[in-house]
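**Q** Just so you know, the sequence shown maps onto residues -17 to 171 in our numbering. Note that beta-carbon positions come from the ideal geometry of N, C-alpha and C, so glycine has one too. Predicted, not measured: the structure shown is a model, and the values here were computed from it. Shown below is the structure under consideration.
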Amino acid sequence: MKTCTKNKSSKNNLATTMALLAMFGFSAATFAGESTSSASAGAGHNGPGTATASAGYSGNGAGIVRTNTRSGNNFSIGRGVSVGIDEDGLTLSASHAVATRNGPAIASNFNLSIGRDGSVSSSRGVSVATGGESRTAFAGGGSATTRGANVATSTAGGSTIRGGRVHATTRSDTTRRTIAPRRVYRIRR
-17 MKTCTKNKSS
-7 KNNLATTMAL
3 LAMFGFSAAT
13 FAGESTSSAS
23 AGAGHNGPGT
33 ATASAGYSGN
43 GAGIVRTNTR
53 SGNNFSIGRG
63 VSVGIDEDGL
73 TLSASHAVAT
83 RNGPAIASNF
93 NLSIGRDGSV
103 SSSRGVSVAT
113 GGESRTAFAG
123 GGSATTRGAN
133 VATSTAGGST
143 IRGGRVHATT
153 RSDTTRRTIA
163 PRRVYRIRR
């Protein structure tokens, strides 16, 4: 399994990120190819912001994994991207989060799996945390392919301290390729 994790945050944000991966990760023995990612960013009026990102690929093929985090007094950003391809299909997971000192904290996630039969599963999640003394937004998820099915899941959420509001949405779609039965007629001469 190829995994890359960078953490410039408190233990609480790391625990949240690990819980997301455990909750939405898939067993490598069950799925042939699996990509996961998550990102969170937080900021407040008092002190520096926080950012975390993680990404991973597990499968029989080739995978690329990238993470990047920056945190500071004015803004914090976290990004995690994972792409994998094997004989069962392609998986992609990308998560981004950004937070500014006086603005909102925003996180998004997109997952895509394309099976070798042409079936497609996708999911996406967005979280926006506004107001309050400090705010954090996170998003994560994963995608996987097997010979029989594709899966894509997303999660999104956040928190605020002393007021504020969090709005989070997720959506998941699957399109199965339907093969129409063919009739073959022989013409005799």
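In three-state DSSP terms, what is G41?
**A** In the structure shown, G41 sits in a strand (DSSP, three-state: E or B).
**Q** Taking 8 Å as the threshold, find out whether the region 51 to 58 comes into contact with the region 67 to 78 through three or more Cβ pairs.
**A** In short, these stretches do not touch, since the Cβ pair count stays below three.
**Q** Report yes if the CB atom of A131 is closer than 9 Å to the CB atom of G139, and no otherwise.
**A** Taking 9 Å as the Cβ cut-off, A131 and G139 do not qualify as a contacting pair.
**Q** Within 8 Å, do at least three Cβ pairs link the region 82 to 94 to the region 109 to 128?
**A** Yes: the two stretches touch, three or more of their Cβ pairs being nearer than 8 Å.
**Q** Taking just the CA atoms, how far does A21 sit from R147?
**A** Taking the straight line joining both Cα atoms gives about 19 Å.
**Q** What residue range is occupied by the uninterrupted beta strand (DSSP E) comprising A138?
**A** That run of the beta strand (DSSP E) goes 132 to 143.
**Q** Following the continuous beta strand (DSSP E) through S53, name the residue where it begins and the one where it ends.
**A** S53 -> no beta strand (DSSP E), and no H or E assigned at all.
**Q** What does DSSP give as the partner residue(s) for H78 in the beta ladder?
**A** R61, S90, per the DSSP bridge assignment.
**Q** For T128, does the three-state DSSP call read helix, strand or coil?
**A** Residue state, collapsed to three classes: coil.
**Q** Should S17 and G38 be called a contact, given that it needs their Cβ atoms to be closer than 9 Å?
**A** Yes.
**Q** Which partner residues does I96 have in the DSSP bridge list?
**A** L72, V102.
**Q** Which residue or residues does DSSP assign as beta-bridge partners of A119?
**A** In DSSP, A119 forms a bridge with A23, G140.
**Q** I'd like to confirm the pairing. Which residues does DSSP put opposite A111 in its beta bridges?
**A** Answer is A87, V148.
**Q** Determine the closest residue to I189 out of D68, G145, H27, with distance taken between C-alpha atoms.
**A** Beyond the ends of the chain as shown, which are -17 and 171, falls residue 189; an answer cannot be given.
**Q** Taking R48 as the reference, which of L94, G41, H78 has the closest Cα?
**A** Among L94, G41, H78, the Cα nearest to that of R48 belongs to H78.
**Q** Helix, strand or coil for R158, going by three-state DSSP, please let me know.
**A** Coil at R158, not helix or strand.
**Q** How many angstroms separate the CA atom of T135 from the CA atom of G97?
**A** Approximately 16 Å between the Cα atoms of the pair.
**Q** Using the beta-carbon count (16 or more within 10 Å), is Y167 buried or exposed?
**A** So Y167 counts as exposed.
**Q** Who are R153's beta bridge partners in DSSP?
**A** In the DSSP output, where bridge partners are listed per residue, R153 has R106.
**Q** Find out if the Cβ-Cβ distance for the pair R83, A25 is shorter than 9 Å.
**A** Result yes, Cβ atoms of R83 and A25 sit closer than 9 Å.
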